[in-house]
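Worksheet for the structure shown next.
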Amino acid sequence: MAEAPTKPVLLTGAAGNLGRMLARELAGLGWTLRLTDIAPFPDPLPPRAAFTRMDLADGVGLLRLAEGCGAILHFGGISVEQPFGTVLGPNVQGLYHVYEAARREKARVIFASSNHSIGFHERPQGNEAKIDVDCAFRPDGYYGLSKAYGELMGRLYWDKHGVENVNFRIGSCFPEPTEARMLSTWLSFADLVRLTECAVTAPRSGHCVIWACSDNPASFWGRDHRDRIGWQPQDSAEAYRARVGQITSGNPVIERYQGGSYTAIDYTRGKPSARDAFDLD
Ligand code: NAI
Ligand code: 15L
Numbered sequence: 001m002a003e004a005p006t007k008p009v010l011l012t013g014a015a016g017n018l019g020r021m022l023a024r025e026l027a028g029l030g031w032t033l034r035l036t037d038i039a040p041f042p043d044p045l046p047p048r049a050a051f052t053r054m055d056l057a058d059g060v061g062l063l064r065l066a067e068g069c070g071a072i073l074h075f076g077g078i079s080v081e082q083p084f085g086t087v088l089g090p091n092v093q094g095l096y097h098v099y100e101a102a103r104r105e106k107a108r109v110i111f112a113s114s115n116h117s118i119g120f121h122e123r124p125q126g127n128e129a130k131i132d133v134d135c136a137f138r139p140d141g142y143y144g145l146s147k148a149y150g151e152l153m154g155r156l157y158w159d160k161h162g163v164e165n166v167n168f169r170i171g172s173c174f175p176e177p178t179e180a181r182m183l184s185t186w187l188s189f190a191d192l193v194r195l196t197e198c199a200v201t202a203p204r205s206g207h208c209v210i211w212a213c214s215d216n217p218a219s220f221w222g223r224d225h226r227d228r229i230g231w232q233p234q235d236s237a238e239a240y241r242a243r244v245g246q247i248t249s250g251n252p253v254i255e256r257y258q259g260g261s262y263t264a265i266d267y268t269r270g271k272p273s274a275r276d277a278f279d280l281d
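Each step along the sequence shown adds one to the number in full-length UniProt numbering, with nothing skipped, and position 222 is 222.
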């Protein structure tokens, strides 16, 4: 276990599923947290934590909240597919406010990106190669597009301003896998906590992107920058195969692509019947 960070850490999205879990677990590691969300924090406040209710649209508020912080864990915003206009404010403008605050504080940003930034890559079959983290963005909706934008924002702020950032391309972070796809994409809560610890406490990160899934033999994903922050996942979805391995959608679009059900939302291209129908991809 690494030493707790010496400076406070700001956590956006603190009232969300992952935010609540991180608040509890990181406080348990002795971290001093500033929590924020547009929604009220539903749990008792952990020790050394303060909560401020705020919209990510409030750029000045975020600047104030980030004062003195060494890292910003950015988990707030729209977390599922939504219309373009709904995603835009929180996930694009809000992210810009987070990066401006990080720039002023010389803080590191830990960004909760998503597999949906690359969701239209096909799932590898048999011995087909797994994709590396520098693969092309292939967002599977407006939400995934906002995550691709978020990763690129990190690229820009590192290249131009030296703002370090670690982008977690999260698969499916839930207490347990609930369907066959998650045998590939599942990230356990404990692996996310360890990943967050590594991302914040690593001496240097630069701009890096991590496939944030557990040590799943069926993972779709190959190389990334985890060595830079010293993270290795310790859990595996494989133990759940007997329970969820048969739970599939029966929809050929969903089953073909890594992003699963998100790829089929408002999908108008026609049925993919054979791989060669997509020769021009
Ligand atoms: P969640 O929806 O439970 O949490 C997001 C939080 O952001 C909510 O508490 C919400 O109130 C807050 N929020 C929304 N709009 C806001 C605004 N305008 N201003 C301030 N706060 C706002 O989502 P979850 O599952 O906790 O995910 C956290 C992050 O991780 C999200 O960014 C999500 O995109 C990302 N992620 C999560 C995955 C998962 O499997 N849970 C997978 C991939 C990415
Ligand atoms: C995500 O990005 C979502 O935030 C989460 O709710 C899941 O849908 C996850 O991706 C997934 O792909 O399973």
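Ideal Cβ placement from N, Cα and C applies to all residues, glycine included.
What you are looking at is a predicted structure, and each value in this text was computed from that prediction instead of being measured.
- In this structure, the ligand 15L has no non-hydrogen atom nearer than 7 Å to the beta-carbon of Gly-19.
- In the three-state scheme derived from DSSP, where H, G and I count as helix and E and B as strand, Ala-49 is classed as strand.
- In the DSSP assignment, Val-60 forms no beta bridge with any residue.
- Using a C-beta cut-off of 8 Å, the region 111 to 119 makes contact with the region 147 to 155, since at least three inter-stretch Cβ pairs fall below that distance.
- Contact between Gly-85 and Ser-117 fails: their C-beta atoms lie close to 20 Å from each other, not under 8 Å.
- For Thr-201, the three-state secondary structure derived from DSSP is helix.
- One alpha carbon belongs to Leu-10, the other to Ser-172, and they sit about 23 Å apart.
- One thing to note: Gly-19 has its Cβ within 8 Å of the Cβ of Asp-37.
- In the DSSP assignment, Arg-269 forms no beta bridge with any residue.
- Phe-75 and Thr-178 have their C-alpha atoms spaced approximately 22 Å apart.
- Where Trp-158 is concerned, the enclosing alpha helix (DSSP H) starts and stops at 142 to 161.
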